[in-house]
Structures are given as structure tokens and as C-alpha cells.
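For reference, the structure is listed below as C-alpha cells.
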Amino acid sequence: MTQYSAFNLELREGIAHVQINRPEKINAMNAAFWTEIRDIFIWIEETPEVRVVVLSAVGKHFSSGIDLMYLAQVGAQLGKEVGRNARTLKRKIEELQSSFNAVDECSKPVLAAIQGYCLGGAIDLISACDMRYSTIDAQFAIKEVDMGMAADVGTLQRLPHIIGDGMMRELAYTGRTVLGDEAHRIGLVNSTFIDQEELMGGVFNIARTIAEKSPIAVQGSKEMIRYMRDHSIADGLNYIATWNSVMLQSEDLRIAMTAHMSKKQPEFKD
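UniProt numbering puts the first residue of the sequence shown at 1, with every later residue one more than the last.
Right, here's the structure in full:
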């Protein structure tokens, strides 16, 4: 296990387990969090042994969102001149966006396991993941509106593709709390679990299933799904035709077909 200031990182059986590790601060996102998550996902992208990622958190809560002390530090950098302040703030917001872009753009599937609070910036984070799972008593809220601001690190851009435009607007405008059962009903999470132990067991079972598949097939599927979020059906069909004109020549196809015919478990290279 590799331990960062704000994270734990472990690779086992093709699964990279990334844990937010600030339980004494309700896993609030401090300065180290934003730089370390970028570094971790660069490592994940560059490490062929990683087939799938599980993102979770140590303690009772997933995350209370951005650390208010960190916001105060950013505020202390501002002066009296509006134009220069705007440039400083825009650069900082784009820097934070890049941290969750690294999660969204990761070629390996990312599964979020959520318990307790998942507030503010934590919604931005899980919106960048492929799938989300939670305990039944998890609490989700887009809290930025209660702080007098609009969410600016990905929630308003990614969440409509997950729960639909109308529901996203309701949550963004009201800041109300959604519990696990409602989160499941609106599609924010794929399924819920009784407690954190069952949650982690269930999510790792799904991760192990994904890790056994052809990484060419899994990562190609993710690339196509991400592409379709921002393109037409015609664009997507053209892209998959071009993509598979190369990828169907992979030995993974032969291995999968042979295993299927012989009723054996296929084994794929990283």
C-alpha cells in the first residue's frame, strides 16, 4: 500500500484501490488532495497492471467536499483589483477541474463506493466516475448553492448525463439532501448496501469481474461511451468502426473466442 498525505493507494489483482484518507476532517478536500489525485490517476493511466479502479474513503463519511481552510487560503491570495482577482480565480478553478478531469478521462473504469456524507465537491468527484454505489444511509447534496456559489468542478456538466437535467436542476437549486434509496431511484447510484462492509464487498466483486475481462474490450467500451456523451450517433458509429478496425485484430478476441468454445476462463495480458 502506498500512502499519500490525503490518500491510500493499493494495487491487488488488477484493482487499484484509491482511498481518501482524512477521516478526522470528514475527508475534506485540502490542497494535497487536489494535487495527489492527479498524480494517482496519472500513475493508474500509465500502469498496465491496473485493470479497474475502486475509489472509496476511510471512516464514517466519503467526503464533506472542499476543505473550507483551503478556500480561505485561496481567498487570502486575492487583492483589491477585480480583473487580476478574476484571472487568479479562473486559473485556480481550472486547476481543480483538471484533478477530476483526470478521473473522468482515465481509460480504466472507476467505481465509487460511498458511505455517509457525499457533499459539495464530493458530488463533483463521483460524477467523474463510471459507476457509483452507496450505503442505504449515505447522504448526497450539492451544497454549493448554500455557500452562495454555483458548483464549478464538474457537477453541473456531468450530472445531467447521470440523473437527467430536471433532477440535476432540482438538487442544484435547492441543495437538498438525497439519501441512498432515493439516490438509487434517480440513478445516481447503481445499487445500495446495508452497511460499509457489504458495500466494499459488493463493489470489489464487481471490480474483480471487470478485471477478468479483456482490457482492450473494457477500455475500448469506456472510450466509446465517453465519446458519445458529446457527439451524435453518426459520429459515434463512425468512431467505433474506425476503432474496431484496429482493435478487432487484437489477440484478446481470439483468446475470448477460444475460451468461450472450450468453456474455460480466459486469461488476458495487461
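Heads up, the beta-carbon is just placed ideally off N, CA and C, and yes, glycines get one too.
Looking only at DSSP bridge pairs, what is residue i linked to?
i, result
"F100", "According to DSSP, F100 bridges with nothing at all."
"I199", "Position check: residue 199 holds Leu in this sequence, whereas Ile was assumed. None; L199 has no bridge partner."
"I20", "F7 and A57"
"I206", "BP columns for I206 are empty, so no partner."
"S191", "Y133"
"Q139", "Y117 and L179"
"T88", "Its beta-bridge partners do not exist; DSSP assigns none."
"I15", "R12 and V52"
"T2", "L9"
"V110", "V53"
Nearest-angstrom Cα distance between residue i and residue j?
i, j, result
"R226", "E49", "22 angstroms"
"L156", "D67", "20 angstroms"
"A112", "S64", "15 angstroms"
"D230", "F62", "29 angstroms"
"G116", "K60", "6 angstroms"
"D146", "K80", "25 angstroms"
"A256", "D39", "33 angstroms"
"N205", "E212", "11 angstroms"
"Y239", "E223", "10 angstroms"
"R84", "V74", "14 angstroms"
"A128", "L237", "24 angstroms"
"Y133", "V82", "42 angstroms"
"I186", "H161", "12 angstroms"
"V203", "M29", "23 angstroms"
"L188", "R158", "11 angstroms"
"A259", "R169", "47 angstroms"
"T209", "I15", "10 angstroms"
"V246", "V52", "23 angstroms"
"I136", "N190", "12 angstroms"
"L171", "A151", "11 angstroms"
"Q139", "T192", "12 angstroms"
"H17", "E36", "14 angstroms"
"H184", "V178", "10 angstroms"
Return the first residue and the last residue of the alpha helix (DSSP H) that residue i is part of.
i, result
"F7", "Note, F7: premise wrong, no alpha helix (DSSP H); beta strand (DSSP E) at F7 to R12."
"F41", "A31 to E46"
"T174", "D165 to T174"
"Q115", "Per DSSP, Q115 belongs to no alpha helix (DSSP H) and is neither H nor E."
"T177", "Counting along the chain, T177 falls outside any alpha helix (DSSP H), and DSSP gives it neither H nor E."
"M131", "Premise fails: M131 lies in the beta strand (DSSP E), M131 to T135, not in any alpha helix (DSSP H)."
"S245", "I233 to M247"
"residue 277", "It is not possible to answer for residue 277, since the shown part of the chain is limited to 1 through 270."
Throw me the rounded Cβ distance for the residue i and residue j pair, which I believe falls under 8 angstroms.
i, j, result
"I19", "F33", "According to the sequence as given, residue 19 is Gln; it is not Ile. That belief does not hold up - the Cβ atoms of Q19 and F33 are roughly 12 angstroms apart, past 8 angstroms."
"G175", "I142", "6 angstroms"
"A102", "I42", "7 angstroms"
"Q219", "K90", "That pair is no contact at about 33 angstroms."
"G121", "V153", "6 angstroms"
"A57", "N27", "5 angstroms"
"V110", "L199", "About 16 angstroms; that fails the 8 angstroms criterion."
Looking at the unbroken beta strand (DSSP E) that takes in residue i, where does it start and where does it end?
i, result
"Q157", "Here Q157 belongs to no beta strand (DSSP E); instead the alpha helix (DSSP H) covers T155 to R158."
"Q219", "Per DSSP, Q219 belongs to no beta strand (DSSP E); it is in the alpha helix (DSSP H), P215 to M228."
Hey, is residue i's beta-carbon within less than 8 angstroms of any beta-carbon in chain D?
i, result
"K264", "Structure shown: chain D not included; a single protein chain is present."
Whole runs of the alpha helix (DSSP H) within the region 56 to 82, excluding any shorter than 4 residues | With a minimum length of 4 residues, the continuous alpha helix (DSSP H) runs that stay inside the region 56 to 82 are 68 to 76.
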